[in-house]
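Going down the list, the sequences are from chains B and G. In this note's numbering, each residue carries its 1-based index in the first sequence increased by 23. In this note's numbering, each residue carries its 1-based index in the second sequence increased by 42. C-beta atoms are modelled at their ideal positions from N, C-alpha and C, and glycine is treated no differently.
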Amino acid sequence: MAMIDSLDSPIDTTTKRKERFTGTDLAVHILLLGLGLVIALPIFIAFFTSFKLPAQVASFPPTVFPQEWTLQNYQAAWNSTPFGRFMLNSIVQSGLITIGQVIFSILAAYAFSILVFPGRNLLFYIVLGSLMVPFELTFIPNFILVSEWGMADSYQGLIVPFIASAFGVFMLRQFFLTIPKELHDASKIDGAGNWRFLWKIVVPLSKASIGAFSIFAFLNAWNQYLWPLVITKTFEMRTLQIGIRFFMSNLERGQEWGPVMAGSMIALGPALIAFLIAQRQLVQGIAMTGLKG
Amino acid sequence: MPMQISSINLILFSLHMTQFRNKISSALEGYLYLAPTLIGLSIFVFWPIYKSFTLSLNRIAPFGNQMRYVGLETYANLMTDADYWNSVRVSLLFVLGTVPVGIILAVLLAVALAYPLNNLSWLHRTLIFVPIVISSAVTGVLFRWIYHPVVGYLNYFMVQVGLFDRMQDAPNWLATKDWALIAVIMAVVWRQLGFNVIIALAGVQNIDQSYYEAAQIDGANLWHRIRHITLPLLTPTLFFLLLINIIYSFQAFGEIDVLTSGGPGRATQTMVYDIYYDAFVGTPMRGLASAKAYLLALMVVIMSYIQFATAQKQVHYQ
Numbered sequence: 024m025a026m027i028d029s030l031d032s033p034i035d036t037t038t039k040r041k042e043r044f045t046g047t048d049l050a051v052h053i054l055l056l057g058l059g060l061v062i063a064l065p066i067f068i069a070f071f072t073s074f075k076l077p078a079q080v081a082s083f084p085p086t087v088f089p090q091e092w093t094l095q096n097y098q099a100a101w102n103s104t105p106f107g108r109f110m111l112n113s114i115v116q117s118g119l120i121t122i123g124q125v126i127f128s129i130l131a132a133y134a135f136s137i138l139v140f141p142g143r144n145l146l147f148y149i150v151l152g153s154l155m156v157p158f159e160l161t162f163i164p165n166f167i168l169v170s171e172w173g174m175a176d177s178y179q180g181l182i183v184p185f186i187a188s189a190f191g192v193f194m195l196r197q198f199f200l201t202i203p204k205e206l207h208d209a210s211k212i213d214g215a216g217n218w219r220f221l222w223k224i225v226v227p228l229s230k231a232s233i234g235a236f237s238i239f240a241f242l243n244a245w246n247q248y249l250w251p252l253v254i255t256k257t258f259e260m261r262t263l264q265i266g267i268r269f270f271m272s273n274l275e276r277g278q279e280w281g282p283v284m285a286g287s288m289i290a291l292g293p294a295l296i297a298f299l300i301a302q303r304q305l306v307q308g309i310a311m312t313g314l315k316g
Numbered sequence: 043m044p045m046q047i048s049s050i051n052l053i054l055f056s057l058h059m060t061q062f063r064n065k066i067s068s069a070l071e072g073y074l075y076l077a078p079t080l081i082g083l084s085i086f087v088f089w090p091i092y093k094s095f096t097l098s099l100n101r102i103a104p105f106g107n108q109m110r111y112v113g114l115e116t117y118a119n120l121m122t123d124a125d126y127w128n129s130v131r132v133s134l135l136f137v138l139g140t141v142p143v144g145i146i147l148a149v150l151l152a153v154a155l156a157y158p159l160n161n162l163s164w165l166h167r168t169l170i171f172v173p174i175v176i177s178s179a180v181t182g183v184l185f186r187w188i189y190h191p192v193v194g195y196l197n198y199f200m201v202q203v204g205l206f207d208r209m210q211d212a213p214n215w216l217a218t219k220d221w222a223l224i225a226v227i228m229a230v231v232w233r234q235l236g237f238n239v240i241i242a243l244a245g246v247q248n249i250d251q252s253y254y255e256a257a258q259i260d261g262a263n264l265w266h267r268i269r270h271i272t273l274p275l276l277t278p279t280l281f282f283l284l285l286i287n288i289i290y291s292f293q294a295f296g297e298i299d300v301l302t303s304g305g306p307g308r309a310t311q312t313m314v315y316d317i318y319y320d321a322f323v324g325t326p327m328r329g330l331a332s333a334k335a336y337l338l339a340l341m342v343v344i345m346s347y348i349q350f351a352t353a354q355k356q357v358h359y360q
């Protein structure tokens with residue numbers, strides 16, 4: 024593929040200083056801004072609707088901005104359904120999955136890049152092959168298995184099937200491969216074993232890649248839908264995504280879309296914040312996958 | 043004399059043993075690092091492949107543990123099941139609706155985003171990439187609100203621009219058989235846009251500038267440059283996007299569950315939704331669901347394989 028150094032950012036985010044601000048520049052600005060607003064519109068709508076008074080939410084014609092800002096939708100959502108509990112469940116589920124995936128992937132990627140052992144390549148292709156297995160094929164047997172182990176409707180049930188991540192192994196291995204062999208040799212001369220080399224040198228060097236993968240893993244776990252839907256039964260164990268779905272269907276009758284939008288913002292909030300903070304790493308990480316894939 | 047020979051032998055022997063032990067221990071070490079991931083994948087990805095198949099060969103009592111072996115009878119029955127073929131049709135329509143549109147939109151946006159601007163590109167990118175963090179459930183909820191027949195933004199917008207006279211004339215998106223699938227398609231395309239644009243943008247920016255410079259010297263205009271440089275050199279990216287989007291579209295679930303739950307009247311009952319329905323809604327029929335899941339997986343794998351096979355001819359590398 025293209026000759027890019029894996030350490031360079033695949034998406035160019037540096038600004039190029041140009042001499043003049045041309046008419047084309049303005050046209051492109053307007054075009055992009057328009058497109059951007061249209062694309063981000065649903066989120067803006069949810070955001071503004073969540074702060075509107077119920078009367079304005081149900082009013083016709085529909086408006087964008089709230090005439091009067093109120094928090095009552097958030098209060099209604101928080102009180103009527105255990106959104107606090109949903110939030111906690113999502114945080115525990117996503118947090119533990121992320122931590123598990125990061126650790127497992129670091130270990131496996133290290134093995135596939137720095138360590139040497141028989142069958143290394145074959146095993147790597149097998150791991151990679153697991154990415155081709157569609158989820159609908161695995162979720163029914165996994166459901167039966169997890170239930171038989173008594174982990175249904177629990178944190179373990181939400182987390183354990185996802186602790187291994189082939190994608191994480193792939194992504195981190197890409198970066199580990201760029202670490203010069205001389206470093207490893209030098210550390211061996213200093214008497215450090217593989218374990219120390221991994222945690223004292225490799226991991227600190229890979230902070231950016233590991234960070235990007237962590238965000239990616241967290242977002243995927245946070246936004247999971249089908250698995251939490253089937254593995255959780257009681258309200259206490261539902262995650263935010265499932266919670267918002269049932270919240271919406273319960274309220275349909277009364278057209279209480281204000282609280283539904285508030286609930287959506289709650290479900291959306293942490294992911295959005297993570298995105299705004301770490302947008303650059305996340306985008307670079309995804310872009311790299313596309314180029315190497 | 044014999045003492046010296048045997049002591050040399052002894053040294054050589056212990057040296058070989060140490061090397062052998064080191065080899066084993068370094069191999070073991072490698073496997074040890076791999077173990078967590080391999081075990082996890084074996085239990086939750088590889089084993090289910092086998093288990094799914096064995097499940098599909100049985101009829102399973104809904105809540106009990108009784109299984110009756112029926113062999114391939116389930117598969118045979120499916121071949122003549124009208125509802126099953128409906129779900130296949132819906133899935134194919136769905137994929138056809140989401141993938142080309144999504145990729146084309148993404149490439150157009152990427153080309154626009156690749157235009158060098160001095161400032162505000164972070165704003166443009168943030169706005170355009172943002173759907174990537176939205177979950178399928180939230181997407182469903184947002185679009186349900188937008189599609190609302192009485193106070194929904196979409197219909198109101200269409201009335202305002204004159205496409206329809208009154209709100210009632212505009213489609214009732216989620217309640218009409220003809221429009222429901224399109225409504226779901228739009229929601230899914232929207233959601234995938236963030237991811238697709240990022241990949242497309244990386245691909246576009248990866249094209250060596252010198253090609254464009256040479257073309258400009260030769261007098262090629264913008265359209266020409268796009269058609270003869272950008273698109274051909276974008277084919278690896280397009281290939282990747284095609285693959286990922288097809289796989290994803292076959293598995294899309296959250297939006298459908300929130301927007302339509304497979305309705306109205308099975309109009310949006312994709313294969314995945316059908317499988318979920320069989321296994322978890324009403325009286326669970328896990329054997330049947332597993333058979334359908336197997337067929338779906340086969341379909342996806344075959345499609346991916348065809349794609350890989352034809353890629354050699356279509357994909358150009360720099």
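Measure from the C-beta of residue 168 of chain G to each C-beta in chain B and report whether the shortest distance is under 8 angstroms. Interface with chain B (8 angstroms Cβ-Cβ cutoff): residue 168 of chain G is included.
Would the C-beta of residue 56 of chain B count as close to the ligand COA, meaning under 7 angstroms from any of its heavy atoms? In terms of ligand content, the structure shown is empty, and the ligand COA therefore cannot be addressed.
What runs of the alpha helix (DSSP H), each 4 residues or longer, lie entirely inside the stretch 50-116 of chain G? Here the runs fully enclosed are 89-98.
Which of the three DSSP states is assigned to residue 31 of chain B in this structure? At residue 31 of chain B, the pLDDT of 42 sits below 50, so the modelled position is not reliable; the number obtained from the coordinates is stated separately. The answer is coil: DSSP assigns residue 31 of chain B none of H, G, I, E or B.
Distance, residue 141 of chain G Cα to residue 312 of chain B Cα: One C-alpha to the other measures close to 19 angstroms.
Run through DSSP, which three-state label would residue 205 of chain B get? Here residue 205 of chain B carries a helix assignment [DSSP, helix/strand/coil].
Neighbourhood of residue 153 of chain B by C-beta, 7 angstroms cutoff - its chain only, sequence neighbours within 5 removed: Here the set comprises 189.
Using a Cβ-Cβ distance cut-off of 8 angstroms, determine whether residue 353 of chain G contacts chain B. Nearest CB-CB separation between residue 353 of chain G and chain B: not below the 8 angstroms threshold.
Can you find a C-beta in chain B that's less than 8 angstroms from the C-beta of residue 342 of chain G? Using a CB distance cut-off of 8 angstroms, residue 342 of chain G counts as an interface residue toward chain B.
May I have the straight-line CA-CA distance separating residue 278 of chain G from residue 89 of chain B, to the nearest angstrom? Roughly 46 angstroms between the two C-alpha positions.
Closer than 7 angstroms by C-beta to residue 130 of chain G: which residues in its own chain qualify, once you throw out the five before and the five after it? Chain order, please. Its chain contains 313 as the residues whose beta carbon lies nearer than 7 angstroms to that of residue 130 of chain G, once the 5 sequence neighbours on both sides are disregarded; these appear in chain order.
Can you tell me which of the three DSSP states residue 208 of chain G falls into? Residue 208 of chain G falls in the coil class under three-state DSSP.
Write down the C-beta distance between residue 179 of chain G and residue 267 of chain B rounded to the nearest angstrom, noting that I regard them as a contact closer than 8 angstroms. Confirmed, Cβ separation roughly 6 angstroms.
Whose C-beta lies closer than 8 angstroms to the C-beta of residue 172 of chain G among residues of the same chain, with five residues either side of it excluded? For residue 172 of chain G, where only same-chain residues beyond five positions count, the Cβ hits under 8 angstroms are 236.
Do you know offhand how far residue 162 of chain B's Cα is from residue 262 of chain G's? If you take the alpha carbons of residue 162 of chain B and residue 262 of chain G, they lie about 53 angstroms apart.
Are the beta-carbon atoms belonging to residue 124 of chain B and residue 180 of chain B less than 8 angstroms from one another? No, these two residues do not count as a Cβ contact at 8 angstroms.
So, is the C-beta of residue 110 of chain G closer than 8 angstroms to a C-beta in chain B? No, residue 110 of chain G does not count as interfacial toward chain B.
Does the beta carbon of residue 28 of chain B come closer than 8 angstroms to any beta carbon on chain G? With a pLDDT of 35 at residue 28 of chain B, under the threshold of 50, the modelled position of that residue is not reliable, and the figure given next carries that caveat. Chain G, which has no Cβ nearer than 8 angstroms to the Cβ of residue 28 of chain B, makes this no.
Can you say whether residue 122 of chain G is buried or exposed, counting buried as having 16 or more other CB atoms within 10 angstroms of its CB? Result: exposed.
Do you know offhand how far residue 24 of chain B's Cα is from residue 148 of chain G's? Confidence in residue 24 of chain B is poor, its pLDDT being 35 and thus under 50, which makes the residue's placement unreliable; the coordinate value appears in the next sentence. For residue 24 of chain B and residue 148 of chain G, the distance between alpha carbons rounds to 21 angstroms.
Strictly under 8 angstroms for the Cβ-Cβ distance: is residue 159 of chain B near chain G by that measure? At least one chain G Cβ lies under 8 angstroms of residue 159 of chain B.
Please classify residue 67 of chain G as buried or exposed, where buried requires at least 16 other C-beta atoms within 10 Å of its C-beta. By the neighbour-count rule (16 or more Cβ atoms within 10 Å), residue 67 of chain G is not buried but exposed.
So if I threshold CB-CB distances at 7 angstroms, which residues from the stretch 171-185 of chain B count as touching chain G? Along the stretch 171-185 of chain B, the positions whose C-beta sits under 7 angstroms from a C-beta of chain G are 184, read in chain order.
With three or more beta-carbon pairs closer than 8 angstroms as the criterion, would you say the stretch 290-300 of chain B touches the stretch 160-177 of chain G? Enough Cβ pairs lie closer than 8 angstroms, so yes.
My understanding is that residue 317 of chain B touches residue 308 of chain B, with C-beta atoms under 8 angstroms, so please give their C-beta distance in whole angstroms. Chain B is shown from 24 up to 316; residue 317 of chain B falls before or after that span and cannot be answered.
Span of the alpha helix (DSSP H), counted from its first residue to its last, around residue 255 of chain G: For residue 255 of chain G, the enclosing alpha helix (DSSP H) covers residues 251-259.
Take the Cβ of residue 347 of chain G as the centre, count every other Cβ of all protein chains shown within 10 Å, and call the residue buried at 16 or more, exposed below. If you draw a 10 Å sphere on the C-beta of residue 347 of chain G, you find fewer than 16 other C-beta atoms in it, and that means exposed.
The stretch 187-212 of chain B: which residues have C-beta closer than 9 angstroms to a C-beta of chain G, in chain order? Across the stretch 187-212 of chain B, CB contacts with chain G closer than 9 angstroms involve 187, 188, 189, 191, 192, in sequence order along the chain.
Mind reading off the beta-carbon distance from residue 96 of chain B to residue 281 of chain B? Whole number of angstroms is fine, and I expect it under 8 angstroms. With a Cβ gap of about 4 angstroms, residue 96 of chain B and residue 281 of chain B count as contacting.
So, for residue 107 of chain B: in the same chain, excluding its five sequence neighbours on each side, which residues have a beta-carbon less than 8 angstroms away from its beta-carbon? Contacts found: 101.
Is there a Cβ from chain A that is less than 8 angstroms from the Cβ of residue 293 of chain G? This model lacks chain A altogether; the protein chains it does include are B and G.
Whether residue 345 of chain G touches residue 288 of chain G by CB criterion (8 angstroms): Residue 288 of chain G is positioned such that its CB atom lies closer than 8 angstroms to that of residue 345 of chain G.
Determine whether the Cβ of residue 117 of chain B lies closer than 8 angstroms to any Cβ atom of chain G. Against chain G, the CB of residue 117 of chain B has no partner CB under 8 angstroms away; the residue lies outside that interface.
Anything in chain G within Cβ reach of residue 128 of chain B, meaning under 8 angstroms, just list it in chain order. Simply 79.
Going by CA-CA distance only, name the one from B:299, B:302, B:185, B:246 that's closest to residue 110 of chain B. If you compare the alpha carbons of B:299, B:302, B:185, B:246 with that of residue 110 of chain B, the shortest gap goes to B:246.
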